[in-house]
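A.B. asks:
Number of protein chains: 2
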Amino acid sequence: MTIRVIIVDDQAMVRAGFAALLAAQSDIDVVGEAPDGRKGVEVSRTVHPDVVLMDVRMPEMDGLAAARELLAPPVGVVHRPKVLMLTTFDVDDYVYEALRAGASGFLLKDAPPADLISAVRVVAAGDALLAPSVTRRLIADFARQRPAAPSGGPALRLNGLTPRETEVLELIARGLSNQEIAARLVLAEQTVKTHIGRVLAKLGLRDRAQAVIFAYESGLVTPGDA
Amino acid sequence: MTIRVIIVDDQAMVRAGFAALLAAQSDIDVVGEAPDGRKGVEVSRTVHPDVVLMDVRMPEMDGLAAARELLAPPVGVVHRPKVLMLTTFDVDDYVYEALRAGASGFLLKDAPPADLISAVRVVAAGDALLAPSVTRRLIADFARQRPAAPSGGPALRLNGLTPRETEVLELIARGLSNQEIAARLVLAEQTVKTHIGRVLAKLGLRDRAQAVIFAYESGLVTPGDA
DNA sequence: CTCGGCCCCCTACCCGGGTAGGGGGCCGAG
DNA sequence: CTCGGCCCCCTACCCGGGTAGGGGGCCGAG
Numbered sequence: 001m002t003i004r005v006i007i008v009d010d011q012a013m014v015r016a017g018f019a020a021l022l023a024a025q026s027d028i029d030v031v032g033e034a035p036d037g038r039k040g041v042e043v044s045r046t047v048h049p050d051v052v053l054m055d056v057r058m059p060e061m062d063g064l065a066a067a068r069e070l071l072a073p074p075v076g077v078v079h080r081p082k083v084l085m086l087t088t089f090d091v092d093d094y095v096y097e098a099l100r101a102g103a104s105g106f107l108l109k110d111a112p113p114a115d116l117i118s119a120v121r122v123v124a125a126g127d128a129l130l131a132p133s134v135t136r137r138l139i140a141d142f143a144r145q146r147p148a149a150p151s152g153g154p155a156l157r158l159n160g161l162t163p164r165e166t167e168v169l170e171l172i173a174r175g176l177s178n179q180e181i182a183a184r185l186v187l188a189e190q191t192v193k194t195h196i197g198r199v200l201a202k203l204g205l206r207d208r209a210q211a212v213i214f215a216y217e218s219g220l221v222t223p224g225d226a
Numbered sequence: 001m002t003i004r005v006i007i008v009d010d011q012a013m014v015r016a017g018f019a020a021l022l023a024a025q026s027d028i029d030v031v032g033e034a035p036d037g038r039k040g041v042e043v044s045r046t047v048h049p050d051v052v053l054m055d056v057r058m059p060e061m062d063g064l065a066a067a068r069e070l071l072a073p074p075v076g077v078v079h080r081p082k083v084l085m086l087t088t089f090d091v092d093d094y095v096y097e098a099l100r101a102g103a104s105g106f107l108l109k110d111a112p113p114a115d116l117i118s119a120v121r122v123v124a125a126g127d128a129l130l131a132p133s134v135t136r137r138l139i140a141d142f143a144r145q146r147p148a149a150p151s152g153g154p155a156l157r158l159n160g161l162t163p164r165e166t167e168v169l170e171l172i173a174r175g176l177s178n179q180e181i182a183a184r185l186v187l188a189e190q191t192v193k194t195h196i197g198r199v200l201a202k203l204g205l206r207d208r209a210q211a212v213i214f215a216y217e218s219g220l221v222t223p224g225d226a
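Heads up: the protein sequence lines correspond to chains A and B, in order.
Okay, so the first sequence: first residue is 1 according to the UniProt record's numbering, each after it adds one.
Okay, so the second sequence: first residue is 1 according to the UniProt record's numbering, each after it adds one.
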């Protein structure tokens, strides 16, 4: 019995590469592809794959939203595939969001090809799977986790940032100074500093330069949307 | 007569994907792989491929340096492959550097797979090739080109940055402090400040946070390659 | 040779950004 | 109601980062 897989990634080359890689396995069939989350959901609901390989960052609908859609389907939809998230970076909040959404696994794209193949098999079999580096981070996070949101916390914010903090972070990532941010948000500059201080603390960053990096790496901001 | 190709890219998954893609063509043989420029040069000198698929950004020796090495071989080395550069972004200076080094082509990684395959064939046949978006940018650049470097200028640098300045900029974009950059490059912290000052002035930026933004927006640094 | 570009280093200075440690009001959950 | 989270604001302080304006050596082009 073959494992039916679809690949959702915005880069056609990546899709083709993965498809070729997986299709070479006798027990795996690539039965569909999609370039973004929204189309990925559609394709999944049409072909009913066992496993969805899902990129995190994509246009239209990102991988996390698509995963949530697939894993908590509306009434009437019975099919529920396993979702294996793919990413090039191991940012914790993605992991948390994805796991919370019910994803079966999280794999870094630069993992050895053999890992991808076995990951598909493991996930198809119903097991969970995390890349070693992700696991490491996960454990580290839990270790130093102050019992913040007790349980069933309100929402998924970027690493536990409040809306205001996220807003400030984005303006930092646009290159604004504290003064400019204050003007833009109609706040005292001190308040801006306070927000930034909390952002840096929550994310474990040193300064606004690292904050900019985080914003890009986490997808809060994307090259070209300046 | 098959086209012998080697793939030089730091991500094993990418190599495997491309290899699978190309190997499926009856007229193309993948005869080697390497994870960085230096090893790529070695492999090329060993297996004498017709075409080298070369990623731009890699550890140890980047794709541009490796391309120069292969295309201007030291005396005694006779083999001279075609080099097809691969990149995820279309930054002008990379294009210029690669073309000046004698690369046969420049392809964006997110091009359709069919393009990659035909690109290999085109290049192997001795023709040059640029991705459409690269061509567009190339023309646009020439169009609005102030007669800066009058002719045959020294080199192609990111917006007129010297190699050292570019190096410093990249470290800023990695989140390093001035002190850390100084340690990394074995410089006085003051020297680092001097370089940064010039970078900011040349690029019209205010501070290192904006420098980080520039690095991402220009493609000097890409989300995911942290 | 001279000259220009690059690289490295320096002193002196200041300000923006970040830290530490406060306070108050609002609001939804329990 | 109380309590916790969030948001906004404050003083005080300091240091990293950035500016201004120097200097010297190397090297390739002319």
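Ideal Cβ placement from N, Cα and C applies to all residues, glycine included.
Within a Cβ cutoff of 6 Å, which residues of the same chain sit near B/G40, ignoring the five residues on either side of it in sequence?
C.D. replies: Same-chain partners within the cutoff: V8, A34, A66.
A.B. asks: Cβ atoms of B/A209 and A/R208: under 9 Å apart, would you say?
C.D. replies: Yes, Cβ-Cβ distance for A/R208 and B/A209 is below 9 Å.
A.B. asks: Can you name the residues of chain B whose CB is closer than 7 Å to the CB of A/A24?
C.D. replies: Per Cβ cutoff of 7 Å: A20.
A.B. asks: What did DSSP end up calling B/T166 once you bin it into helix, strand or coil?
C.D. replies: Three-state DSSP puts B/T166 in a helix.
A.B. asks: Looking only at its own chain, which residues have a Cβ that is under 8 Å from the Cβ of B/N178, when we skip the five neighbours before and after it?
C.D. replies: Cβ neighbours of B/N178 beyond the five flanking positions: E189, V192, K193, I196.
A.B. asks: For chain A, is any of its Cβ atoms less than 9 Å away from the one on B/S118?
C.D. replies: No, no contact with chain A.
A.B. asks: Are the beta-carbon atoms belonging to A/A201 and B/A20 less than 9 Å from one another?
C.D. replies: No, Cβ-Cβ distance for A/A201 and B/A20 is not below 9 Å.
A.B. asks: Report, in whole angstroms, the separation of the C-beta atoms of A/L22 and A/V120, which I expect to be a contact under 8 Å.
C.D. replies: About 7 Å separates the two Cβ atoms, so the contact holds.
A.B. asks: Helix, strand or coil for A/Q145? Go by DSSP, reduced to three states.
C.D. replies: Confidence is the limiting factor: at A/Q145 the pLDDT is only 31, short of 50, which leaves the residue's position unreliable and the question unanswerable from this model.
A.B. asks: Since B/M85 is in the alpha helix (DSSP H), which residue starts that stretch and which ends it?
C.D. replies: Note, B/M85: premise wrong, no alpha helix (DSSP H); beta strand (DSSP E) at 82-87.
A.B. asks: Closest to A/V199 by C-alpha separation, out of A/A173, A/A183, A/P223, A/T222, would be which residue?
C.D. replies: Comparing Cα positions, the closest option is A/A173.
A.B. asks: Please compile the residues from chain B whose C-beta is within a distance smaller than 9 Å of the C-beta of A/M85.
C.D. replies: Result: empty, since nearest Cβ-Cβ is about 14 Å, beyond 9 Å.
A.B. asks: Under 9 Å between C-beta atoms, does B/A16 make it to chain A?
C.D. replies: Interface residue, yes.
A.B. asks: Which residues in the same chain have their Cβ closer than 6 Å to the Cβ of B/R38, if we skip the five residues on either side of it in sequence?
C.D. replies: Closer than 6 Å at the Cβ level, and outside the excluded window around B/R38, lie E60, M61.
A.B. asks: Give the secondary structure of residue 236 of chain B by DSSP, where H, G and I count as helix, E and B as strand, and everything else as coil.
C.D. replies: In the structure as shown, chain B begins at 1 and stops at 226. Residue 236 of chain B is therefore absent and cannot be evaluated.
A.B. asks: According to DSSP, simplified to helix, strand and coil, what is B/L187?
C.D. replies: In the structure shown, B/L187 sits in coil (DSSP, three-state: anything other than H, G, I, E or B).
A.B. asks: Where does B/E42 land, buried or exposed, given buried means 16+ other C-beta within 10 angstroms?
C.D. replies: Exposed is the call here.
A.B. asks: Here's the rule I'm using: 16 or more other beta-carbon atoms within 10 Å means buried, otherwise exposed. How should B/D55 be labelled?
C.D. replies: By the neighbour-count rule (16 or more Cβ atoms within 10 Å), B/D55 is buried.
A.B. asks: For residue 227 of chain B, count neighbouring Cβ atoms within 10 angstroms of its own Cβ and tell me buried if that reaches 16, exposed if not.
C.D. replies: The structure shown does not extend to residue 227 of chain B, since chain B spans only 1 to 226, so no value can be given for it.
A.B. asks: How many angstroms separate the CA atom of B/S104 from the CA atom of B/V123?
C.D. replies: For B/S104 and B/V123, the distance between alpha carbons rounds to 6 Å.
A.B. asks: Under three-state DSSP, which class holds B/M54?
C.D. replies: Here B/M54 sits in strand by DSSP.
A.B. asks: Step through the CB atoms of chain A and report whether any lies within less than 9 Å of the CB of B/I181.
C.D. replies: No, B/I181 does not count as interfacial toward chain A.
A.B. asks: What did DSSP end up calling A/G17 once you bin it into helix, strand or coil?
C.D. replies: DSSP places A/G17 in helix when its eight states are reduced to three.
A.B. asks: Measure from the alpha carbon of B/R80 to the alpha carbon of each residue in B/G17, B/V31, B/E167, B/R45, then state which is nearest.
C.D. replies: Per the Cα distances, B/R45.
A.B. asks: For B/A183, count the other beta carbons within 10 Å of its own beta carbon; 16 or more makes it buried, fewer makes it exposed. Which is it?
C.D. replies: With fewer than 16 Cβ atoms within 10 Å of its Cβ, B/A183 is classed as exposed.
A.B. asks: Does A/M13 pass the burial test, meaning 16 or more other C-beta atoms within 10 Å, or should it be called exposed?
C.D. replies: It is buried - the Cβ of A/M13 has at least 16 other Cβ atoms within 10 Å.
A.B. asks: Is the shortest distance between the beta-carbon of A/R121 and the beta-carbons of chain B less than 9 Å?
C.D. replies: No, no contact with chain B.
A.B. asks: Mind checking which residues open and close the alpha helix (DSSP H) that includes B/G63?
C.D. replies: Looking at the DSSP string, the run of the alpha helix (DSSP H) that includes B/G63 is 63-71.
A.B. asks: Taking 9 Å as the threshold (beta carbon to beta carbon), is B/I172 in contact with chain A?
C.D. replies: Judged by the 9 Å Cβ criterion, B/I172 is in contact with chain A.
A.B. asks: Name the DSSP beta bridge partners of A/D29, please?
C.D. replies: Partner(s): A/R4.
A.B. asks: Using a beta-carbon distance below 9 Å, is B/V31 in contact with chain A?
C.D. replies: For B/V31, the answer is no, since every Cβ of chain A falls outside 9 Å of its Cβ.
A.B. asks: Could you name the residues of the same chain whose beta carbon sits closer than 8 Å to that of A/I3, not counting the 5 residues immediately before and after it, in chain order?
C.D. replies: Hits under 8 Å: D27, I28, D29, D50, V51, V120, R121, A124.
A.B. asks: Along the chain, where does the alpha helix (DSSP H) containing B/G204 start, and where does it finish?
C.D. replies: That residue, B/G204, is in no alpha helix (DSSP H); it is neither H nor E in DSSP.
A.B. asks: If you draw a straight line from the alpha carbon of B/D36 to that of B/V83, how long is it in whole angstroms?
C.D. replies: Rounded to the nearest angstrom, the two C-alpha atoms are 15 Å apart.
A.B. asks: When DSSP labels each residue in this structure, what does A/V182 get in the three-state scheme?
C.D. replies: Note that residue 182 of chain A is Ala in the sequence shown here, rather than Val. Here A/A182 sits in helix by DSSP.
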